[in-house]
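Heads up, the thing below is written out as structure tokens.
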Amino acid sequence: MKIRAHETFCIRKGWLHKGVKNIVAHNRLFTDKEQNPCDILGIGTNMVKSLRYWMNAVGIMEEVNVGNLRVQQLSAFGTIIDQYDRYYEEDGTNWAIHYMLAKNKDQATAWYWFFNVFKLNSCDKALFVKELGEYIRTEFTTTCSENTLGDEFDCIVKTYYSKESNNNPENTMVCPLTELHLIEQTKNKDYKKCVPDRDSLHPLIVFGAICDWATDEEILISDLMNSEGSIAKIFNFDRATCFYYLEQLRKKEYITLSRTAGLDVIRINHRLSFNESLELYYRTINGELA
Numbered sequence: 134m135k136i137r138a139h140e141t142f143c144i145r146k147g148w149l150h151k152g153v154k155n156i157v158a159h160n161r162l163f164t165d166k167e168q169n170p171c172d173i174l175g176i177g178t179n180m181v182k183s184l185r186y187w188m189n190a191v192g193i194m195e196e197v198n199v200g201n202l203r204v205q206q207l208s209a210f211g212t213i214i215d216q217y218d219r220y221y222e223e224d225g226t227n228w229a230i231h232y233m234l235a236k237n238k239d240q241a242t243a244w245y246w247f248f249n250v251f252k253l254n255s256c257d258k259a260l261f262v263k264e265l266g267e268y269i270r271t272e273f274t275t276t277c278s279e280n281t282l283g284d285e286f287d288c289i290v291k292t293y294y295s296k297e298s299n300n301n302p303e304n305t306m307v308c309p310l311t312e313l314h315l316i317e318q319t320k321n322k323d324y325k326k327c328v329p330d331r332d333s334l335h336p337l338i339v340f341g342a343i344c345d346w347a348t349d350e351e352i353l354i355s356d357l358m359n360s361e362g363s364i365a366k367i368f369n370f371d372r373a374t375c376f377y378y379l380e381q382l383r384k385k386e387y388i389t390l391s392r393t394a395g396l397d398v399i400r401i402n403h404r405l406s407f408n409e410s411l412e413l414y415y416r417t418i419n420g421e422l423a
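For the sequence shown, my numbering assigns the number 134 to the initial residue and increments by one for each residue that follows.
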């Protein structure tokens with residue numbers, strides 16, 4: 134479990150690209166005692182800690198021990214993004230990063246809980262703090278202060294919602310994931326989870342998420358709708374949106390839809406890893422594939 138490891142900073146525009154560029158240039162960026170990462174990255178100490186956390190939490194960076202040294206390197210996931218979308222500009226890149234966060238129970242615990250476990254579509258800060266605190270007590274047999282849990286609420290909101298436009302290239306304070314519009318503020322000043330725009334989320338990202346989550350080739354649609362880690366939970370699909378994507382994948386012959394023993398099921402025709410699906414997405418939008 135990790136709570137408030139982000140130092141209250143959400144992912145800021147340009148951060149992930151900056152982090153990747155610099156660990157490629159220097160694979161001990163965050164651990165070399167001879168160099169100050171604040172000077173290299175041009176951000177403060179707490180922001181450096183936050184960037185390091187985010188790069189690990191979204192899965193673009195791995196940290197390994199080489200002898201007695203701690204080394205940072207790109208993961209396979211990070212390498213694919215660096216190859217096809219170095220500046221983190223594509224919608225599919227943002228959706229992939231969201232997916233990696235929302236399924237990461239160990240390193241992004243509040244994100245996992247909010248999208249997979251929390252059953253209400255809207256809440257205020259007080260309810261969020263109460264429910265997340267109860268989940269942590271039950272799931273991890275530990276407690277966190279209300280202030281700490283409140284910081285998680287603030288960071289999740291800042292990750293997905295901003296009153297300011299994300300189209301302003303000068304505004305580097307806004308998180309790129311606000312472009313997903315997964316959270317909105319209500320008239321009552323609560324915040325609600327939103328069903329994603331179908332034009333924004335590519336079916337291949339959804340297919341990769343299905344394959345990554347599923348343990349069998351045949352999957353109950355009810356599980357796709359209700360189980361932790363499923364596409365409906367991670368992407369906040371309603372039933373109509375879930376079936377829209379399943380139909381898109383059926384047309385492309387990635388899956389088969391059928392009814393078995395009175396239950397609606399899908400069958401994965403050709404399993405791909407999430408990374409393989411992501412690469413296929415990039416090659417498709419780049420016109421390399423039909």
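The beta carbon of each residue, even a glycine, is placed where N, CA and C say it ideally should be.
Since we're looking at a predicted model, the values are computed, not measured.
Local Cβ density within 10 Å of residue i, reported as buried at 16 or more and exposed below that
i: S355; result: exposed
i: L234; result: buried
i: E285; result: buried
i: Y220; result: exposed
i: L396; result: exposed
i: T311; result: buried
i: A241; result: buried
i: A158; result: exposed
i: S363; result: buried
i: V197; result: exposed
Distance, residue j Cα to residue i Cα
i: T393; j: E351; result: 10 Å
i: F306; j: L390; result: According to the sequence shown, residue 306 is Met rather than Phe. If you take the alpha carbons of M306 and L390, they lie about 43 Å apart.
i: A373; j: A365; result: 10 Å
i: Y217; j: W148; result: 17 Å
i: V339; j: K326; result: 18 Å
i: L202; j: Y387; result: 43 Å
i: K130; j: G283; result: Residue 130 is absent from the model: the chain starts at 134 and stops at 423.
i: T141; j: E222; result: 24 Å
i: A243; j: W228; result: 18 Å
i: D450; j: G152; result: An answer regarding residue 450 cannot be provided, because it is not within the stretch 134 to 423 covered by the chain.
i: F247; j: I193; result: 22 Å
i: L313; j: E195; result: 26 Å
i: I213; j: I230; result: 12 Å
i: D165; j: R137; result: 24 Å
i: E272; j: L413; result: 36 Å
i: D330; j: C375; result: 12 Å
i: M358; j: L411; result: 22 Å
i: R400; j: T226; result: 26 Å
Reduced DSSP category for residue i - H, G, I as helix; E, B as strand; rest coil
i: D356; result: helix
i: R404; result: coil
i: M194; result: strand
i: R203; result: strand
i: E279; result: helix
i: E223; result: coil
i: D409; result: At residue 409 the sequence reads Glu, which differs from the Asp that was named. DSSP places E409 in helix when its eight states are reduced to three.
i: E351; result: strand
i: A243; result: helix
i: K384; result: helix
i: H139; result: coil
i: P309; result: helix
i: F163; result: coil
i: R416; result: helix
i: D332; result: coil
i: N237; result: coil
i: G362; result: coil
i: L422; result: coil
Residue(s) in a DSSP beta bridge with residue i
i: Y324; result: C256 and Q318
i: R392; result: D397
i: N369; result: BP columns for N369 are empty, so no partner.
Residue range of the alpha helix (DSSP H) that includes residue i
i: M180; result: T178 to A190
i: V339; result: P336 to W346
i: G152; result: W148 to A158
i: E209; result: Looking at the sequence itself, residue 209 is Ala, so the reference to Glu does not match. A209 to Y217 is the extent of the alpha helix (DSSP H) around A209.
i: P170; result: P170 to L174
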